[in-house]
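Residue numbers (UniProt numbering), protein chains in the order written: chain A, 1 to 243; chain B, 1 to 243. Shown next, in structure tokens, is the structure this report addresses.
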């Protein structure tokens with residue numbers, strides 16, 4: 001199954017491809033939650049195991065078209081489910097990835113959204129898993145490197161079923177930002193992302209609320225400018241301290 | 001397809017299970033070569049993709065019975081082919097691996113035989129792959145740790161198709177030792193492995209060559225004892241130097 005979201009009237013935004021690998025997607029509350037949390041931007045969402053057969057040409061076209069590619073899956077034995085590996089082995093032919101020196105994936109971003117039933121502290125030496133999530137992502141990071149893609153910091157979701165409502169709301173925002181916010185995740189990029197969203201929200205308000213909405217947006221912009229100044233000042237002070 | 005080898009009349013030897021993952025085994029010259037190189041010891045060889053369906057009970061029984069488990073595969077995108085992951089996701093149920101605190105795999109050895117078309121020097125930072133083979137094995141090493149298995153140093157076979165005849169002969173011996181020699185790969189364990197093999201060979205000689213055969217075996221044993229003495233002396237000298 002493929003879901004295509006497109007925000008109307010917005011040009012020049014990034015296209016994100018979310019490839020979900022899960023053998024029983026309908027039974028996964030976390031995957032259903034993430035699906036409902038998809039931002040209203042240019043996002044193509046595809047369930048890998050949901051394709052009856054993998055259409056290599058279509059999959060490669062999707063990859064070519066995307067600016068950011070997200071692989072999203074539960075961690076099974078320290079890796080993605082077999083379905084994603086099958087997708088890799090089938091779709092990512094050598095000719096496609098680095099044949100003829102065309103490198104069609106070069107410059108695109110590769111991000112990983114991984115869910116696990118284990119807590120965060122398990123993933124460290126001495127922890128229950130005795131290995132970091134970053135270390136077990138080595139094969140995918142190596143793939144990104146080979147394809148000349150930019151590897152994004154992994155987005156882990158620990159023990160989704162134990163999350164309280166406020167944590168879930170935070171997760172929605174963080175997840176949306178991971179899918180569509182400009183990288184790196186700096187204060188400036190974060191603010192820009194929120195400002196973008198705010199102005200889109202204001203545009204959708206009914207006429208009688210437009211003025212209030214625009215006022216809020218303008219205050220947000222002022223605060224942003226003020227914050228930028230403070231950040232610059234702080235950077236200058238720090239620089240002097242380093243001398 | 002499953003192949004069971006058993007050396008007759010030898011008791012107390014180790015049982016090795018070789019699980020081969022390759023989507024087109026018949027077309028793989030390296031896998032065919034390794035299959036023909038299997039030692040005449042207690043070795044069970046199975047082609048994962050060759051099973052029409054994975055019989056979980058049978059697979060788990062095989063694992064329980066083995067002392068050393070070898071996963072053998074070509075490196076596809078820095079990991080095993082999808083078939084092996086499917087096997088992991090299906091056969092290695094949580095209940096089996098660490099349910100009820102029985103840990104049926106605890107203490108067994110896990111070894112990896114991996115073939116790659118890239119040269120050895122590609123697998124290092126700055127090399128063509130920019131990552132070590134050891135690093136990309138992190139998910140399998142973590143699995144071994146979780147199952148309380150002993151992780152053996154990986155056995156890599158680089159660019160099999162370029163190997164000359166003497167290198168292939170060396171590969172046969174090294175591969176057989178990796179499958180059945182006692183670990184670690186020390187001088188003593190290596191000698192023991194060869195001695196064991198030599199005496200088995202002598203037993204199979206025709207009657208008229210038995211005397212010569214036994215003479216060779218006895219010389220080998222004498223040399224071994226002599227070598228052991230020299231090794232001890234050398235160790236003593238080194239110890240004094242460290243003072």
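No residue lacks a Cβ here, since even glycine has one placed at the ideal position from N, Cα and C. Keep in mind it's a predicted model, so treat the numbers as computed, not measured.
Original post:
With burial defined as no fewer than 16 other Cβ atoms inside 10 Å of the residue's Cβ, what is the status of residue 146(B): buried or exposed?
Top reply: By the neighbour-count rule (16 or more Cβ atoms within 10 Å), residue 146(B) is buried.
Original post:
Closer than 8 angstroms, Cβ to any Cβ of chain A: which residues of the stretch 213-226 of chain B, in chain order?
Top reply: So nothing in the stretch comes that close.
Subject >> Whole-angstrom distance between residue 116(A) and residue 58(A), CA atom to CA atom >> reply: Roughly 30 angstroms separates the two Cα atoms.
Subject >> Identity of the residue in 35(B), 157(B) and 16(B) nearest residue 25(B) by Cα >> reply: The option with the nearest alpha carbon to residue 25(B) is 35(B).
**OP:** Could you check if residue 226(A) is buried or exposed, using at least 16 other CB atoms within 10 Å of its CB as the buried criterion?
**Re:** Of the other Cβ atoms in all chains shown, fewer than 16 fall within 10 Å of the Cβ of residue 226(A); this residue is therefore exposed.
Subject >> Below-7 angstroms beta-carbon distance, residue 22(B) vs any chain A residue >> reply: Residue 22(B) does not count as touching chain A.
**OP:** Taking residue 156(B) and residue 202(B) to be in contact with their CB atoms under 8 angstroms, please state how far apart those CB atoms are, rounded to whole angstroms.
**Re:** Incorrect: roughly 33 angstroms between the Cβ atoms, too far for contact.
Original post:
Which first and last residues belong to the beta strand (DSSP E) in which residue 24(B) is found?
Top reply: Counting along the chain, residue 24(B) falls outside any beta strand (DSSP E), and DSSP gives it neither H nor E.
**OP:** With a threshold of 16 other CB atoms inside 10 Å of the CB of residue 180(B), please say whether the residue is buried or exposed.
**Re:** By the neighbour-count definition (other C-beta atoms within 10 Å, threshold 16), residue 180(B) is a buried residue.
Original post:
Applying the criterion that 16 or more other CB atoms from any shown protein chain within 10 Å of the CB defines a buried residue, is residue 175(A) buried or exposed?
Top reply: Buried is the call here.
Original post:
Taking the continuous beta strand (DSSP E) assigned at residue 59(B), which residues delimit it?
Top reply: Element bounds for residue 59(B): not the beta strand (DSSP E) but the alpha helix (DSSP H), 56-65.
Original post:
What is the C-beta distance between residue 62(A) and residue 17(A), in whole angstroms, given that I count them as a contact (C-beta under 8 angstroms)?
Top reply: Residue 62(A) to residue 17(A), Cβ: 6 angstroms. Contact.
Original post:
Of all the CB atoms in chain A, is at least one closer than 7 angstroms to the CB of residue 256(B)?
Top reply: Any property of residue 256(B) remains undetermined from this structure, which presents chain B solely from 1 to 243.
Original post:
In terms of residues, what are the limits of the alpha helix (DSSP H) holding residue 168(B)?
Top reply: 165-180 is the span of the alpha helix (DSSP H), which, as asked, contains residue 168(B).
Subject >> Buried versus exposed call for residue 9(B) [16 or more other C-beta atoms within 10 Å across all chains shown] >> reply: At residue 9(B) the pLDDT is 46, less than 50, meaning the model places this residue with poor confidence; the figure from the coordinates comes in the next sentence. Residue 9(B) is exposed by the Cβ-count criterion.
Original post:
Between residue 73(B) and residue 80(B), is the Cβ-Cβ spacing less than 7 angstroms?
Top reply: Cβ atoms of residue 73(B) and residue 80(B): closer than 7 angstroms.
Original post:
Who are the near neighbours of residue 232(A) in its chain, counting only those whose CB is closer than 6 angstroms to its CB and skipping five residues on each side?
Top reply: Result list for residue 232(A): empty, nothing under 6 angstroms.
Subject >> Span separating the alpha-carbon of residue 71(B) from that of residue 54(A) >> reply: When rounded, the distance between both Cα atoms is 27 angstroms.
Original post:
Taking DSSP as the reference, what is the three-state secondary structure of residue 139(B)?
Top reply: In the structure shown, residue 139(B) sits in a helix (DSSP, three-state: H, G or I).
Original post:
At a Cβ threshold of 7 angstroms, is residue 56(B) touching chain A?
Top reply: It does not: the Cβ of residue 56(B) has no partner Cβ on chain A nearer than 7 angstroms.
Subject >> Cβ pair residue 69(A), residue 5(A) closer than 7 angstroms >> reply: No, they are not a contact pair.
**OP:** Assess, as a yes-or-no matter, whether the stretch 151-167 of chain B is touched by the stretch 158-178 of chain A under the definition of 3 or more beta carbon pairs within less than 8 angstroms.
**Re:** Short answer: they don't touch.
Subject >> Selected residue, minimal CA-CA separation from residue 217(A), among 182(A), 196(A), 85(A) and 185(A) >> reply: Per the C-alpha coordinates, the member of 182(A), 196(A), 85(A) and 185(A) positioned closest to residue 217(A) is 196(A).
Original post:
With a cut-off of 7 angstroms, does the C-beta of residue 9(B) fall near any C-beta of chain A?
Top reply: Unreliable positioning characterises residue 9(B) in this predicted model, as indicated by a pLDDT of 46, which lies under 50. A coordinate reading is not provided.
**OP:** Note the first and the last residue of the continuous alpha helix (DSSP H) segment covering residue 111(B).
**Re:** It is not in any alpha helix (DSSP H) - residue 111(B) instead sits in the beta strand (DSSP E) that spans 109-116.
Subject >> Contacting residues, own chain, Cβ-Cβ under 6 angstroms from residue 223(A) (five flanking each side not counted) >> reply: Closer than 6 angstroms at the Cβ level, and outside the excluded window around residue 223(A), lies no residue.
Subject >> Own chain residues within Cβ distance below 6 angstroms of residue 11(B), not counting five before or after >> reply: Only weak support exists for where residue 11(B) lies, its pLDDT of 49 falling under 50; the coordinates are left without a value.
Original post:
Thinking C-beta only, is residue 137(A) closer than 7 angstroms to residue 150(A)?
Top reply: Result no, Cβ atoms of residue 150(A) and residue 137(A) do not sit closer than 7 angstroms.
**OP:** Using a Cβ-Cβ cut-off of 7 angstroms, state whether residue 89(A) counts as contacting chain B.
**Re:** So yes, residue 89(A) belongs to the interface.
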